[in-house]
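Number of protein chains: 2
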Amino acid sequence: MAKIIKPQRLPGFRDFLPEEMRLRNYVLNVFIEVFELFGFDPLETPTLEYASTLLGKYGEEADKMVYTFKDKGGREVGLIYDLTVPVSRILSVYHQQIPLPFKRYQIQRVYRADKPQKSRYREFTQCDIDIIGVKSPLADAEVVAIIYRIFKKLGLDDFTIQINSRQVLFKLLENLEIKEEKKQLSVLQTVDKLRKQGREKVEDELGKKGLSSKQISDLFKQLEKITCDKNLEEMFSYLKKLNVPQEYVKFTPSMVRGLDYYTGPIFETVINDPPIGSLTGGGRYDNLISLLGGPDLTGTGSTLGFDRICDVIKEKKLLPNLAKTATAVLIINFPGFFDEAIQLANKLRENKIACEVYLEEKPIDKQFKYADRKGIPYVIIIGPDEVKKKVVKLKNMKTGEQKEIKIAEIVKLLNG
Amino acid sequence: MAKIIKPQRLPGFRDFLPEEMRLRNYVLNVFIEVFELFGFDPLETPTLEYASTLLGKYGEEADKMVYTFKDKGGREVGLIYDLTVPVSRILSVYHQQIPLPFKRYQIQRVYRADKPQKSRYREFTQCDIDIIGVKSPLADAEVVAIIYRIFKKLGLDDFTIQINSRQVLFKLLENLEIKEEKKQLSVLQTVDKLRKQGREKVEDELGKKGLSSKQISDLFKQLEKITCDKNLEEMFSYLKKLNVPQEYVKFTPSMVRGLDYYTGPIFETVINDPPIGSLTGGGRYDNLISLLGGPDLTGTGSTLGFDRICDVIKEKKLLPNLAKTATAVLIINFPGFFDEAIQLANKLRENKIACEVYLEEKPIDKQFKYADRKGIPYVIIIGPDEVKKKVVKLKNMKTGEQKEIKIAEIVKLLNG
């Protein structure tokens, strides 16, 4: 083992140091809590799949972004690109043993050989919820209700869950004499750019795709005055019953989503400030599972943009009480009083209080500096004076306040 | 998107359906709780690293097991083989901003292109704890205390944490006139096979490695009567102070661990029944971080064999109360009484009770069958009779017992 050069990280990949991990785990736990409250169970699948399972599913552009290679056994394999292809494989393989409806959440790292940019990484965590095997718009409403609950629980408020329906859009295009499915999807992909690129560019592109000026102006007129269909109305009524306030869910005809596979209601969550693109995206896909090689089952679901949501939580400082570390107390390693320190640590740990005894005999100011740098909220000293008086000295590292507390009362105070 | 053939899973990779995930999450949460009680914070790093970071670290055999390939940018990359190489990269890159001692836990999937066999997979979850920057055997003792706590908390009892020291072993070999470091390590690698292959085979191999019969018989004699050195004695005294009962930790001279990089105390956890190899393995490595390209820091730590521990928990049926699903109740979708069902679901969820309303109007026996297959412990019916009486009908799916309960009392009962 020779001495080697300083190792580097790959571009588009990230390290998560403890402080960042604390935020991520906090957000993740909110996700999981709400998913489970609605009866969703966890699923995990491999990071590597046969390349044939991954490729040819979402078109050439997506295929280019799949990391593929030959493994040591000569198999063509790839890193998973999303969690939808794996769940369709699961449904295909375990169809007999999975009761329907199948409500699963899946939280895993996925990989895209994309150009790295802000909030866009080559390795990122995808959080998907899906309900497989239910046609009722109640299932779509439940997915949206979960998103609403999670955002509120995270302290977010200025968000809107935009809702539309592919059926509504297809009907609109048919009225404009755009009847071929491929053409319809192509037009929708252009309209999807409205928010990012503005109306002028979208009109240009629609012209290039062969729409007449009249079709284009009619399209925009109709997008403005179009209304919900019966299915969407039913979905909105379910949302109300699920206690989702009306101001957070909005019928948004211009929101069409880029992916081809949606067949019914579609939904996206946007935040007004900062305007950073959608934080969730999903919808109903009644043919996708079978197209991906699974059984013929309907489905609806959403991806939650975990990394983006973490970024928003950070920017909006919605973590007032989250310490940089899980450790609640550092107990100073006071020369000659180590046994007392470790006895106290044992006692605190029995009472579920996370603590450290400083592991070496170093000057006390260095130990305090460690607590400060690590962000540990309290420091305890047990030295000769304290032992005599049967107390500990407790310092609040934030306020600098210092007081003596009876050993018997320290647990209560730190748990309170 | 053409209809494709039924997708398959790669050999050596695994799917985790909800019931399995429940077990894994339960075990993982015990790990994390204990890690944090001792002041460890989480760290995560990329799944992909430069191949140069991964290769040439643990010898040719290990290199053969690293999944490497060329990415789309022409970089030689690889899937991580363990979590020790990444943490040394972290220490190298973030040395300035990480306060020492650095106590981190890291739980991630790692990859080895190994032959798949029982409890041995190509993708598995590694759980590592390490204390970087502390020379005192208190750090080694803390790592062992954490392992003890976790095993006890999981309900395991017939385990032994075997402890030995590389220093003790090196001294023993020097007494036998085996003084060259490479030779010493080679001899230890053979002695490491004692438990798996038996004494005869080990003697053979030692003979082939050039040890005389006298050296071999002296080696075994000395292994039997050897005693702790001062450093190990200190470690055992710390274990006592950390409330680890003596019967769980045993000085075991014949336990030498295979890896070359250990420099001080080494530890392994074995379980007597079933005898499935070590469940944890670790030790002190005072040169490793710098050898891996990081700064010159001492370290000690352990890997917990998450997958194996899950297997043991399952075999020993140590999960008496863990349901197959997080869902506590299924509320029947009773024709004409959907609003009542969903109102109750809202109320239960507000009180943190995980529940489902069956999402379609299907025959009630089908809905019960769903609850049964999914392993949901309770089913609630609200139909015309129940609404009239202001009660719900609650069925315990395990006992079959059925009773009427006032709506006001249902939360208390399910939370109790």
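Sequence lines, in order, name chains A and B.
Mapping of the first sequence onto this note's numbering: position 64 corresponds to residue 64, and the numbering continues sequentially without gaps.
Numbering-wise, this note's numbering comes out as the position in the second sequence, counting from 1, plus 416.
Just so it is clear, CB atoms sit at the ideal spot from N, CA and C, and this is done for glycine as well.
Item to complete: With distances taken Cα to Cα, identify the nearest neighbour of Glu772 (chain B) among B:Pro800, B:Ala742, B:Phe753 and B:Val559.
Response: B:Ala742
Item to complete: Taking only beta-carbon positions, decide if Met21 (chain A) is within less than 8 angstroms of chain B.
Response: Yes, Met21 (chain A) lies at the interface with chain B (some Cβ there is under 8 angstroms from its Cβ).
### Task
Label Ala824 (chain B) either buried or exposed according to how many other C-beta atoms from any shown protein chain fall within 10 Å of its C-beta, with 16 as the threshold for buried.
exposed
Which of the three DSSP states, helix, strand or coil, is assigned to Asn164 (chain A)? strand
Return the chain-ordered ranges of every alpha helix (DSSP H) run that is complete within the stretch 353-388 of chain A and spans a minimum of 4 residues. Taking 4 residues as the minimum length, the alpha helix (DSSP H) runs contained wholly in the stretch 353-388 of chain A are 364-374, in order along the chain.
Problem set entry | Sequence ranges, alpha helix (DSSP H) only - wholly within the stretch 254-342 of chain A, length at least 4 | 288-291 and 306-315
TODO: Note down, in chain order, each residue of its chain lying with its Cβ closer than 7 angstroms to the Cβ of Arg528 (chain B), except the 5 sequence neighbours on either side.
DONE: Met481, Tyr497 and Arg538
- prompt: With a Cβ-Cβ cutoff of 8 angstroms, do Pro116 (chain A) and Lys790 (chain B) count as a contact?
  reply: No, they are not a contact pair.
Discussion item. Output needed for Ala744 (chain B): all residues of its chain with C-beta closer than 7 angstroms, excluding positions within five of it in sequence on either side, in chain order.
Written reply: Ile769, Ala770, Cys771, Pro793, Tyr794 and Leu830
Taking the alpha helix (DSSP H) that Phe69 (chain A) belongs to, which residues open and close that run? Segment Thr68 to Lys70 is the beta strand (DSSP E) holding Phe69 (chain A); no alpha helix (DSSP H) there.
Q. Which of the residues in the stretch 77-99 of chain A, read from start to end, lie with their CB under 9 angstroms from any CB of chain B?
A. Val77, Leu79, Val85, Pro86, Ser88, Arg89, Ile90, Ser92, Val93, Tyr94, Gln97, Ile98 and Pro99
Would you check if the distance between the CB atom of Ile434 (chain A) and the CB atom of Leu91 (chain A) is smaller than 8 angstroms?
-> One cannot answer for residue 434 (chain A) here, as it falls past the ends of chain A, which runs 1 to 416.
**Message:** Restricting to runs no shorter than 4 residues, where is the alpha helix (DSSP H) found entirely within the stretch 182-253 of chain A?
**Reply:** 194-197, 199-208, 213-225 and 230-241
- Where does Lys590 (chain B) sit, in a helix, a strand or coil, going by DSSP? Note that residue 590 (chain B) corresponds to Glu in the displayed sequence, not to Lys. Helix, per DSSP.
Chain-order list of residues whose beta-carbon lies under 6 angstroms from that of Asp712 (chain B) (same chain, five-residue window excluded):
Ser706
| query | Any residues in the stretch 125-136 of chain A with a beta carbon nearer than 8 angstroms to a beta carbon of chain B? Which ones, in chain order? | reply | Ile131, Val134, Lys135 and Ser136
- Query: For the stretch 369-401 of chain A, which residues have a CB atom closer than 7 angstroms to at least one CB atom of chain B, in sequence order?
  - Reply: Tyr370, Arg373 and Lys374
Could one say the Cβ of Gly74 (chain A) lies closer than 8 angstroms to chain B's Cβ atoms, at least one of them?
no
Q. Touch check for the stretch 173-187 of chain A and the stretch 300-315 of chain A: three-plus C-beta pairs under 8 angstroms?
A. no
Helix, strand or coil at Pro458 (chain B) according to DSSP, with G and I counted as helix | Strand, per DSSP.
Review point. Which residue from A:Ile332, A:Met235 and A:Phe337 puts its Cα closest to that of Tyr370 (chain A)?
Key: A:Ile332
Identify every run of the beta strand (DSSP E) within the stretch 91-170 of chain A, keeping only runs that are complete inside it and at least 3 residues long; order them along the chain. Segments of the beta strand (DSSP E) lying fully in the stretch 91-170 of chain A: 102-111, 123-132 and 159-165.
### Query
If the cut is a Cβ gap below 9 angstroms, which residues of chain A does Asp431 (chain B) touch?
Leu43, Glu44, Thr45, Pro46, Pro86, Arg89, Ile90, Val93 and Tyr94
- Output the distance between the C-alpha atoms of Lys316 (chain A) and Ser119 (chain A), rounded to the nearest integer angstrom. For Lys316 (chain A) and Ser119 (chain A), the distance between alpha carbons rounds to 16 angstroms.
Going by beta carbon distance, what residues of the same chain come within less than 6 angstroms of Lys740 (chain B), once the five residues before and after it are set aside?
Excluding residues within five positions, the ones whose Cβ falls inside 6 angstroms are Glu435 and Gly791.
**Report entry** 7 angstroms CB neighbourhood of Met1 (chain A) in its chain, flanking five on each side removed
**Finding:** Because the pLDDT at Met1 (chain A) is just 46, under 50, the model does not fix this residue reliably, and the point stays unresolved.
task = Return no unless some Cβ of chain B is closer than 8 angstroms to the Cβ of Gln8 (chain A).
result = Interface residue (Cβ-Cβ distance to chain B less than 8 angstroms): Gln8 (chain A) is classified as such.
Query raised in the report: Of all Cβ atoms in chain B, is any one closer than 8 angstroms to the Cβ of Ile342 (chain A)?
Result: Yes, Ile342 (chain A) lies at the interface with chain B (some Cβ there is under 8 angstroms from its Cβ).
Check your understanding: Does the pairing of the stretch 576-586 of chain B with the stretch 667-678 of chain B give three or more beta-carbon distances under 8 angstroms?
Key -> yes
Q) Going by Cα to Cα distance, which pick from B:Tyr474, B:Glu465 and B:Val503 is closest to Asp487 (chain B)? A) B:Glu465
Quiz item: Taking buried to mean at least 16 other C-beta atoms within 10 Å of its own C-beta, is Pro553 (chain B) buried or exposed?
Solution: buried
Report task. Indicate whether Asp441 (chain A) and Met235 (chain A) have their beta-carbon atoms separated by less than 8 angstroms. Result -> Examination of residue 441 (chain A) is not possible in this model, given that chain A is present from 1 through 416 alone.
### Task
Please name the residue, chosen from A:Tyr358, A:Glu350 and A:Asn351, that lies closest to Phe337 (chain A) on a Cα-to-Cα basis.
A:Tyr358
Original post:
chain A partners of Cys771 (chain B), CB-CB under 9 angstroms?
Top reply: Leu37, Phe38 and Gly39
When the Cα atoms are used, what is the spatial distance from Phe13 (chain A) to Ile146 (chain A)? 29 angstroms
*Would you mind sorting Lys587 (chain B) into buried or exposed? The rule is 16 or more other CB atoms within 10 Å of its CB.*
exposed
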